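Heads up: the sequence shown begins at 0 in numbering that gives the first Met the number 0, then just goes up one per residue. Glycine residues also receive a C-beta, built at the ideal position from the N, C-alpha and C atoms. Keep in mind that this is a model prediction, so the values were computed, not measured.
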Amino acid sequence: MKALLPGVAVILCGVSQAQQVVRVTANRDQSPSELARKAAPLVNKTIDRAWFGGFSFVQAVVRSGGRMPRLVQREEDPQCRSVFITADLL
0 MKALLPGVAV ILCGVSQAQQ VVRVTANRDQ SPSELARKAA PLVNKTIDRA WFGGFSFVQA
60 VVRSGGRMPR LVQREEDPQC RSVFITADLL
């Protein structure tokens, strides 16, 4: 019986020390198809974290109907504004 105790202790320690997997993706202002491919798993909760650029994050929020969680945001981020400069080709 005493010979079995160390083996049982090792097995029990292994069970309680199960590794957790954190699934992560990144999308830094890529194409709309890449954004859709990488944002959908976060919205559907099949990945745990995603790193988006400013523009791709706004697109992800719009495309997810506002279901994109915001976990990390700098204090100045809500005040950031984008300016689009276009050429009138007509």
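Quick check: residue i and residue j, are their CB atoms within less than 7 Å of each other?
i, j, result
"arginine 62", "valine 23", "no"
Tell me the DSSP secondary structure of residue i in three-state form.
i, result
"alanine 142", "With the chain running from 0 to 89 in the structure shown, residue 142 is simply not present."
"valine 60", "helix"
"valine 23", "strand"
"valine 42", "helix"
"alanine 86", "coil"
"proline 77", "helix"
"arginine 36", "helix"
"methionine 0", "Annotation note: pLDDT 47 at methionine 0 (below 50); position unreliable, no value reported."
My assumption, with CB atoms under 8 Å, is that residue i sits in contact with residue j. Please give the rounded CB distance.
i, j, result
"valine 42", "arginine 66", "5 Å"
"cysteine 79", "glycine 53", "7 Å"
Apart from the five residues just before and just after residue i, which ones in its own chain have a Cβ nearer than 7 Å to its Cβ?
i, result
"arginine 73", "none"
Among the residues of its own chain, which have a CB less than 6 Å from the CB of residue i, if the five just before and after it don't count?
i, result
"proline 40", "Ile46"
"phenylalanine 56", "none"
Could one say the Cβ of residue i lies closer than 7 Å to chain C's Cβ atoms, at least one of them?
i, result
"phenylalanine 51", "Of the protein chains in this structure there is only one, and it is not chain C."
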